[in-house]
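Chains as they are written, first to last, in our numbering: chain A, 36 to 148; chain B, 52 to 164. For reference, the structure is listed below as structure tokens.
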Amino acid sequence: SQQGEEDPQALSIQEGENATMNCSYKTSINNLQWYRQNSGRGLVHLILIRSNEREKHSGRLRVTLDTSKKSSSLLITASRAADTASYFCATAGGETSGSRLTFGEGTQLTVNP
Amino acid sequence: DTEVTQTPKHLVMGMTNKKSLKCEQHMGHRAMYWYKQKAKKPPELMFVYSYEKLSINESVPSRFSPECPNSSLLNLHLHALQPEDSALYLCASSQGGRKGGYTFGSGTRLTVV
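Below is the structure:
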């Protein structure tokens with residue numbers, strides 16, 4: 036079974052605008068990760084935030100985590116057409132090798148030139 | 052080498068065929084995973100190998116048989132599949148610990164006819 040939901044399911048914006056995607060989860064976690072998937076391809080790891088962290092940045096990406104609300108958000112600033120992809124949050128219950136990683140339903144982002 | 056390599060990229064097989072999917076990584080990761088992904092859905096965990104031992108089987112039907120010959124290789128043997136097993140099969144590996152991000156292969160697009 037999947038861990039939770041992502042919101043919105045689809046998002047269409049213009050190049051240069053910011054994109055915000057939200058993720059909710061149900062169980063306690065060790066960390067939460069965000070991945071990008073271009074159509075029909077493998078997933079690319081974007082960023083990991085631990086349960087004791089509240090915010091993390093990586094280039095144009097900003098991730099927040101609110102463990103009291105069991106939610107996370109991914110902000111992509113100054114979006115580009117190349118950012119068009121599906122974005123998934125995924126939660127891990129542990130940090131050891133072989134921990135189960137469970138994905139949310141994903142957000143399809145379209146960035147129009 | 053920072054990649055997970057999956058072969059073949061595409062596979063069409065009949066319901067009476069036996070085939071194998073292969074996955075290889077040379078990053079020294081000690082955990083390897085098989086995920087199944089249907090169109091417009093998130094990846095679903097099938098199997099986890101940790102230190103070459105099967106640690107998680109998500110109640111996958113026996114027509115899917117995983118094998119981990121060594122720490123760099125992961126196979127998925129397929130036999131007597133059904134058309135509903137058609138999907139993108141993704142292999143991933145992870146180091147665990149504080150570097151918890153997973154590295155995914157590009158996947159094998161499987162069609163069962």
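Yeah, the Cβ is synthetic: ideal placement off N, Cα and C, and Gly gets one too. Note that the coordinates shown come from a computational prediction; the quantities given were computed from them, not determined experimentally.
Judged by beta-carbon spacing, B:L96 lies beyond the 8 Å limit of B:L161, meaning their Cβ atoms are not closer than that value. Chain A places a beta carbon closer than 8 Å to that of B:A82, counting this residue as a contact.
Secondary structure of B:A131 (DSSP, three-state): coil.
Here A:Q49 is exposed: its Cβ has fewer than 16 other Cβ atoms, across all protein chains shown, within 10 Å.
Under the DSSP definition of a beta bridge, A:M56 partners with A:L109. For the options A:T62, A:L81, A:T145, A:F123, the alpha carbon positioned closest to that of B:G151 is the one of A:L81. The beta-carbon of A:T145 is placed no less than 8 Å from the nearest beta-carbon of chain B. Taking the Cα positions, A:K104 is about 47 Å away from B:G65. For B:T53, the CB contacts under 8 Å within the same chain, skipping 5 residues up- and downstream, are M78, T154 in chain order. Distance from the CA of B:P120 to the CA of B:E103, rounded to the nearest whole angstrom, comes to 7 Å.
The DSSP-derived three-state label of B:D136 is helix. The alpha-carbon of B:Q76 is positioned some 29 Å away from that of B:P134.
Note on A:L136: 16 or more other CB atoms within 10 angstroms of its CB, so buried under the neighbour-count rule. By the criterion of a C-beta distance shorter than 6 Å, B:A143 is surrounded in its chain by Y84, Y153, F155, once the five residues flanking it on both sides are discounted.
The beta carbon of B:V163 does not come within 8 Å of any beta carbon belonging to chain A, so the residue lies off that interface. Going by beta carbons, B:P59 and A:G139 fall outside the 8 Å limit.
For B:Q88, the enclosing beta strand (DSSP E) covers residues 82-88.
Closest in C-alpha terms to B:S116, from the list B:A90, B:Q57, B:K91, B:L129, comes B:L129. Contact residues of the stretch 45-79 of chain A toward chain B are N65, N66, Q68, Y70, Q72, G75, R76, G77, L78, V79 (C-beta to C-beta distance below 9 Å). Contacts with chain B at 8 Å (Cβ-Cβ) do not include A:L96.
Secondary structure note for A:Q68: its beta strand (DSSP E) is the uninterrupted segment 66-72. For B:N68, the closest of B:L132, B:S113, B:K91, B:V99 by C-alpha to C-alpha distance is B:L132.
Interface flag for A:R135 against chain B is set, since a Cβ pair is found closer than 8 Å. In the three-state DSSP reduction, A:D101 falls in the strand class (E or B).
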